[in-house]
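Trainee: Handing you a structure now.
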Amino acid sequence: MLNKKVEKALNDQIKVEAESSHAYLAMASWAEINGFPGASTFLYAHSDEERMHMLKLIKFVNDRGGKAIIPSVNQPDKDFKNLQNIFNLLLSHEHAVTAAINNVVDVCLKEKDYTTHNFMQWYVSEQIEEETLAHHIIDQLNLIGNDKGALYFFDRDIATLKGGPQAATAGK
Ligand code: OFO
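If you're matching positions, the sequence shown starts at 337 in this note's numbering and goes up one per residue.
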């Protein structure tokens, strides 16, 4: 039977992942109607990946004898200035997700639930990859600045970015 405090922490994390998926869906939709089909593809895939993170938690909670709570989700931001704005928001969102995951890990250790602690290590590694990728994208966008030609190529390439959500999902 899943420890109640751990179950609560996992259910909180289910909501965090649902909100991440929703936030990136709104970004993908904005990119789609503002002339960035590549970024839109990347962000739709990122949204799908966050949904997969949520599903993985739901199944884990249920498999361990707990009860996964399917959360209500707040409406995410929908107005963005540009791609720089989107990816800066994405990175700060991922920082918050990392803090939330660390909190779950902390509860596992306090409750001596080493099985869930082990399960959560996948999320810990995933966050390192996601934050690195977001930093890499922001660095590129900062270099590009307002150069429309470079932005066109950036958008073309990000759809198939190595290490991006599609690559990550393909390996799972
Ligand atoms: Fe990038 O957040 Fe899921 O874990």
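For glycine and all other residues, C-beta sits at the position ideal for the given N, C-alpha and C.
Please find out if some non-hydrogen atom of ligand 1 comes closer than 6 Å to the beta-carbon of Ser383.
Mentor: The answer is no for Ser383.
Trainee: Which residues end up in the neighbourhood of ligand 1 when you take C-beta atoms closer than 7 Å to any of its heavy atoms?
Mentor: My final list is Glu353, Ser356, Glu386, His389, Glu430, Val433, Ile437, Tyr459, Glu462, Gln463 and Glu466.
Trainee: Going along the chain, which residues of its own chain have a beta-carbon closer than 6 Å to the beta-carbon of Trp366, five neighbours each way excluded?
Mentor: The answer, listed in chain order, is Phe416.
Trainee: Using the three-state DSSP reduction, which class does Arg387 fall into: helix, strand or coil?
Mentor: Residue state, collapsed to three classes: helix.
Trainee: With burial defined as no fewer than 16 other Cβ atoms inside 10 Å of the residue's Cβ, what is the status of Ala432: buried or exposed?
Mentor: Classification of Ala432: exposed, given that the 10 Å Cβ count is below 16.
Trainee: Between the beta-carbon of Ser376 and the beta-carbon of Glu385, is there less than 7 Å?
Mentor: No. Outside cutoff.
Trainee: Using 7 Å as the threshold, is the C-beta distance between Val409 and Glu355 below it?
Mentor: Yes. Within cutoff.
Trainee: Between Glu353 and Asn370, what straight-line distance do the alpha-carbon atoms span, to the nearest angstrom?
Mentor: Answer to the nearest angstrom: the Cα atoms are 26 Å apart.
Trainee: Rounded to whole angstroms, what's the CA-CA distance from Leu393 to Asn482? Just pull it up for me.
Mentor: So the alpha carbons of these two residues sit roughly 40 Å apart.
Trainee: Is it true that the CB of Met390 sits closer than 7 Å to the CB of Ile437?
Mentor: No, Cβ-Cβ distance for Ile437 and Met390 is not below 7 Å.
Trainee: Are there 16 or more other CB atoms within 10 angstroms of the CB of Met337, so buried, or fewer, so exposed?
Mentor: It counts as exposed.
Trainee: Classify Ile464 as buried or exposed, calling it buried when 16 or more other Cβ atoms lie within 10 Å of its own Cβ.
Mentor: Counting Cβ neighbours within 10 Å, Ile464 comes out exposed, since fewer than 16 surround it.
Trainee: Tell me which residue opens and which closes the alpha helix (DSSP H) that Asp493 is part of.
Mentor: Its alpha helix (DSSP H) spans residues Lys484 to Ile494.
Trainee: Would the beta-carbon of Thr452 fall within 7 Å of that of Cys444?
Mentor: Yes. Within cutoff.
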